[in-house]
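Chemist: What the sequence shown shows, in the numbering used here, is residues 2 to 109, in sequence order. No residue lacks a Cβ here, since even glycine has one placed at the ideal position from N, Cα and C.
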Amino acid sequence: PLQCDIAPQRQIADVVIDSSSFNKARGDSYQLTLAMKSKASIALAMPAVELTLTDAQDQPVLRRVLLPADMGAPSELPARGEWSTAVSVVVTTGGARVAGYRLLAFYP
């Protein structure tokens, strides 16, 4: 017999970051919260998330990739389902001032 693994589909166009927040906790620690939704009628592979911190001119100060395991996410996003989390992120920007952030869901 063949030894095959069938993984969930990757359809990033059907994954939406529905809401998010990024707030300072204390020191270099921040709290990232996000909610992801699937528009697909089938279960999809859980994507990674790229967190980009920006300065007052919207220029990147720091980028960090959060894999599903880093966020405590399941391996699949259910069909038309939603998943949310709150993750503690430690950030060292070398003195650069953080004014904003962007999130991007993607498959590595």
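Would the beta-carbon of residue 62 fall within 8 angstroms of that of residue 55?
Modeler: As a working mapping, residue 62 is identified with position 61 in the sequence shown. As a working mapping, residue 55 is identified with position 54 in the sequence shown. Yes. Within cutoff.
Chemist: Nearest to residue 79 by CA position, among 7, 15, 3 and 5, is which residue?
Modeler: In the sequence shown, residue 79 corresponds to position 78, counting from 1. Taking only the C-alpha atoms, the option nearest residue 79 is 15.
Chemist: Where do the N-terminal and C-terminal ends of the beta strand (DSSP E) with residue 89 fall, by residue?
Modeler: To locate residue 89, count along the sequence shown from 1; it is residue 88. Note, residue 89: beta strand (DSSP E), 83-91.
Chemist: Is the distance from the Cβ of residue 52 to the Cβ of residue 11 below 8 angstroms?
Modeler: Position 51 of the sequence shown, counted from the start, is the residue given in the question as residue 52. Position 10 of the sequence shown, counted from the start, is the residue given in the question as residue 11. Cβ atoms of residue 52 and residue 11: not closer than 8 angstroms.
Chemist: Is the CB-CB distance between residue 21 and residue 81 below 8 angstroms?
Modeler: Here residue 21 is taken as the residue at index 20 of the sequence shown, counted from 1. Here residue 81 is taken as the residue at index 80 of the sequence shown, counted from 1. No, they are not a contact pair.
Chemist: Could you tell me if residue 35 is buried or exposed, where buried requires 16 or more neighbouring beta carbons within 10 angstroms of its beta carbon?
Modeler: Position 34 of the sequence shown, counted from the first residue, corresponds to residue 35. Label assigned to residue 35: buried.
Chemist: Alpha carbon to alpha carbon, how far is residue 84 from residue 31? Give it in angstroms, no decimals.
Modeler: The residue given as residue 31 occupies position 30 in the sequence shown. The residue given as residue 84 occupies position 83 in the sequence shown. Cα to Cα, the separation comes out at about 20 angstroms.
Chemist: Helix, strand or coil for residue 72? Go by DSSP, reduced to three states.
Modeler: Numbered from 1 along the sequence shown, position 71 holds the residue referred to as residue 72. Residue state, collapsed to three classes: helix.
Chemist: Going by the beta-carbon positions, is the gap between residue 29 and residue 99 smaller than 8 angstroms?
Modeler: As a working note, residue 29 is residue 28 in the sequence shown. As a working note, residue 99 is residue 98 in the sequence shown. Cβ atoms of residue 29 and residue 99: not closer than 8 angstroms.
Chemist: How many angstroms separate the CA atom of residue 104 from the CA atom of residue 5?
Modeler: Within the sequence shown, numbered from 1, the residue matching residue 104 stands at position 103. Within the sequence shown, numbered from 1, the residue matching residue 5 stands at position 4. If you take the alpha carbons of residue 104 and residue 5, they lie about 33 angstroms apart.
Chemist: Which residue wins for smallest C-alpha separation from residue 94, given the options 60, 74 and 108?
Modeler: As a working note, residue 94 is residue 93 in the sequence shown. When each option's Cα is compared against that of residue 94, the closest is 60.
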